[in-house]
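Heads up: the structure comes next, in structure tokens.
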Amino acid sequence: MKNYTIYAVSITIRIVLGFMLVALIWRFDFAPFMVLIIAILNDGTIMTISKDRVKPSPVPDSWKLNEIFATGVVLGTYMALTTVLFFWLAHDTNFFSKTFGVRSIQENEEELMAALYLQVSIISQALIFVTRSRSWSFVERPGFLLLIAFVIAQLVATLIAVYANWGFARILGCGWGWAGVIWLYSIITYIPLDILKFTIRYSLTGKAWDNMIQQKTAFTTKKDYGKGEREAQWALAQRTLHGLPPPEAMFHDKNHELSEIAEQAKRRAEVARLRELHTLKGHVESVVKLKGLDIDTIQQHYTV
């Protein structure tokens with residue numbers, strides 16, 4: 000559900016901002032019917048994420064609204080800018096014609112409509128592979144149902160962009176040459192999406208700000224102002240005082256978040272054990288003093 004929410008926020012900003020900039024800068028009105036086609040194909044594909052093959056979060060998760068909206072805004076804005084860049088290259092320059100040898104479509108608004116439609120459709124729907132994964136999107140394999148739905152939807156979108164001749168939607172097929180160029184452009188602009196995702200997550204939930212503020216108790220965001228860490232340090236000092244060896248490092252797992260949870264649990268268990276130990280020792284000593292027994296004789300038989 001969290002993945003879908005990030006995707007929905009990103010697509011909303013991407014569609015509204017992208018088409019608004021194209022309309023304001025070039026006075027180019029994207030056909031509402033083509034927006035409807037994009038929505039139908041996207042929604043049909045997104046329905047398959049209910050059966051997707053997704054890695055569960057290694058730690059208890061929650062609705063981090065700042066992360067959801069920040070990720071959605073940044074990804075959506077980036078995709079909108081890639082659309083503006085594509086339209087500028089196709090409408091105002093001969094970059095694609097000189098680089099790939101395709102014919103110019105600068106003066107043909109209907110073919111520009113087809114090219115813009117395909118670019119928006121591909122990158123918008125491919126975004127789901129970024130939002131569904133915690134790591135690189137090409138490393139975590141999606142479910143077959145989602146993959147098949149994406150392939151079918153983009154095959155339909157490509158055929159529309161290549162062959163459609165719909166006067167009511169002001170679209171005319173741009174040909175296979177332009178379709179290949181648009182696919183290549185979409186793949187290249189897709190790669191930074193993962194990098195942006197990691198950057199946002201690190202900035203909001205990583206250790207980027209810890210070195211600046213977490214060492215200052217007054218400004219720290221740690222629970223109870225770092226009380227747990229101070230108790231863990233006290234527990235380690237008590238082990239040394241009683242002649243016990245320091246605990247060895249454990250849980251060196253590849254997953255850093257999981258190892259942190261395990262380490263915190265181990266610290267809490269150690270703190271609880273030493274608290275119980277000191278409570279029992281204090282009770283025994285008070286009883287011994289009350290009864291007037293020889294404390295030195297008892298300590299010879301007392302072990303931690």
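Anchor point for the sequence shown: position 214 equals 213 in numbering that gives the first Met the number 0, and the numbering is continuous, going up by one each time. Here a beta-carbon is modelled for each residue, glycine too, at the ideal position from N, C-alpha and C.
Cβ-based burial, residue i [other Cβ within 10 Å; buried from 16]
| i | result |
| --- | --- |
| I14 | buried |
| Q124 | buried |
| T44 | buried |
| V101 | buried |
| L192 | buried |
| A207 | Confidence is the limiting factor: at A207 the pLDDT is only 47, short of 50, which leaves the residue's position unreliable, though a coordinate-based value still follows. By the neighbour-count rule (16 or more Cβ atoms within 10 Å), A207 is not buried but exposed. |
| K50 | exposed |
| W175 | exposed |
| Q153 | buried |
| K196 | buried |
| Q214 | A caution first: Q214 carries a pLDDT of 49, below 50, which makes its placement in the model unreliable, though a value can still be read off. Burial call: exposed. |
| E126 | According to the sequence displayed, residue 126 carries Leu and not Glu. Classification of L126: buried, given that the 10 Å Cβ count is 16 or more. |
| A264 | exposed |
| T98 | exposed |
| A271 | exposed |
| A268 | exposed |
| T92 | exposed |
| F149 | buried |
| L183 | exposed |
| N210 | With a pLDDT of 45 at N210, under the threshold of 50, the modelled position of that residue is not reliable, and the figure given next carries that caveat. Classification for N210: exposed. |
| I186 | exposed |
Whether residue i touches residue j by CB criterion (8 angstroms)
| i | j | result |
| --- | --- | --- |
| F29 | V21 | yes |
| G75 | V34 | no |
| G172 | V161 | yes |
| A79 | I181 | no |
| T81 | I24 | no |
| S120 | I12 | no |
| T70 | I5 | yes |
| L64 | A156 | no |
| R26 | M112 | no |
| R200 | A234 | no |
| G17 | V83 | yes |
| F94 | Q118 | no |
| E66 | L158 | no |
| I104 | W177 | yes |
Boundaries of the alpha helix (DSSP H) in which residue i is found, first to last residue
| i | result |
| --- | --- |
| F94 | 94-99 |
| E110 | 108-130 |
| W87 | 64-91 |
| A38 | 31-45 |
| K50 | Careful: K50 lies outside any alpha helix (DSSP H) and carries neither H nor E. |
| S9 | 1-25 |
Cutoff 8 angstroms: residue i Cβ touching any chain D Cβ
| i | result |
| --- | --- |
| V15 | Chain labels in this structure do not include chain D; a single protein chain is all it has. |
Three or more C-beta pairs closer than 8 angstroms, one from the segment 123-138 and one from the segment 108-115: is that the case here? With a cut-off of 8 angstroms on Cβ pairs, the segment 123-138 is not in contact with the segment 108-115, counting fewer than three such pairs.
Report the start-end ranges of each alpha helix (DSSP H) in the segment 142-176 that is 4 residues or longer and not cut off at the edges. You should have 143-162.
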